[in-house]
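J.: Counting in the numbering used here, the sequence shown runs from 403 upward without gaps.
Take a look at the following structure, please.
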Amino acid sequence: MDSAQKRKKYQNITKSIAAVTAGEENIIAKMATISCLLKSEFDYYYWCGFYLVDKVKQNQLVIGPYQGTLGCLRIPFGKGVCGVAAKSEQTQVVENVHELENHIACDAASTSEIVVPLMINGELHAVLDVDSTDVASFNDVDKQALENILKLAFT
Ligand code: SME
Numbered sequence: 403m404d405s406a407q408k409r410k411k412y413q414n415i416t417k418s419i420a421a422v423t424a425g426e427e428n429i430i431a432k433m434a435t436i437s438c439l440l441k442s443e444f445d446y447y448y449w450c451g452f453y454l455v456d457k458v459k460q461n462q463l464v465i466g467p468y469q470g471t472l473g474c475l476r477i478p479f480g481k482g483v484c485g486v487a488a489k490s491e492q493t494q495v496v497e498n499v500h501e502l503e504n505h506i507a508c509d510a511a512s513t514s515e516i517v518v519p520l521m522i523n524g525e526l527h528a529v530l531d532v533d534s535t536d537v538a539s540f541n542d543v544d545k546q547a548l549e550n551i552l553k554l555a556f557t
């Protein structure tokens with residue numbers, strides 16, 4: 403899919419997400435809705451979901467709402483792409499996770515990945531993780547659009 407097509411699809415799905423989550427304050431309900439809408443919109447999304455900052459175990463992510471194959475239950479901060487995104491609070495885009503040493507393979511089919519931190523009032527609450535079975539599925543269009551969706555839906 404070229405960047406113009408991607409942009410158009412993200413524009414549409416952003417509107418749907420805003421409409422469906424309007425007025426909802428429960429963050430789990432919003433995460434479940436966002437995972438479902440994004441996964442059904444994009445053919446290259448193989449796994450799409452949230453890891454939550456665990457309130458009990460420090461510096462750990464724990465699985466939240468997702469769509470796709472079985473995800474790992476816990477990820478320590480700093481481990482894997484999700485853990486790096488959580489620790490750095492910066493979006494990570496990886497073209498091929500099989501070339502990374504610091505990668506957690508929950509499903510060997512996952513190849514490229516984007517992980518976007520969810521910040522609410524300056525505090526990290528979760529990360530949004532999206533995996534594709536193809537190399538280099540994600541670029542700056544995905545990054546900008548997903549960061550924008552999280553900002554719109556959670557602030
Ligand atoms: N591959 C991820 C772990 C999460 S799963 O892919 C669902 C990572 O390295 O953080």
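Backbone N, C-alpha and C define an ideal beta-carbon position, used for all residues, glycine too.
How many angstroms separate the CA atom of GLU443 from the CA atom of ASP404?
T.: One C-alpha to the other measures close to 15 Å.
J.: Out of curiosity, what's the CA-to-CA distance linking GLN462 and SER512?
T.: Those two C-alpha atoms are separated by around 22 Å.
J.: Would the beta-carbon of GLU515 be found less than 7 Å away from any heavy atom of ligand 1?
T.: Indeed, a heavy atom of ligand 1 lies less than 7 Å from the Cβ.
J.: Is GLY451 near ASP531, with beta carbons less than 8 Å apart?
T.: Cβ distance < 8 Å, so GLY451 and ASP531 count as in contact.
J.: Return yes when the Cβ of VAL537 is within less than 8 Å of the Cβ of ASN498, no when it is not.
T.: Yes.
J.: Under 7 Å from any heavy atom of ligand 1, does the C-beta of VAL483 make it?
T.: Yes.
J.: Quick check: does the Cβ of ASP445 come within less than 7 Å of any heavy atom belonging to ligand 1?
T.: Every heavy atom of ligand 1 is 7 Å or more from the Cβ of ASP445, so no.
J.: Got a sec: does ligand 2 put a non-hydrogen atom nearer than 7 Å to the Cβ of SER437?
T.: The model on display carries ligand 1 but not ligand 2.
J.: Give the DSSP bridge partners of ALA528, in chain order.
T.: In DSSP, ALA528 forms a bridge with LEU454, LEU520.
J.: Within 10 Å of its beta-carbon, does ASP533 have 16 or more other beta-carbons around it, so buried, or fewer, so exposed?
T.: Result: buried.
J.: Using 8 Å for Cβ pairs, my map puts ILE477 next to TYR453. What's the rounded Cβ distance?
T.: About 6 Å separates the two Cβ atoms, so the contact holds.
J.: Going by DSSP in three states, TYR412 sits in which element: helix, strand or coil?
T.: Helix.
J.: Name the two residues that bound the continuous alpha helix (DSSP H) containing GLN546.
T.: Taken as a continuous stretch (DSSP letters only), the alpha helix (DSSP H) holding GLN546 covers 542–556.
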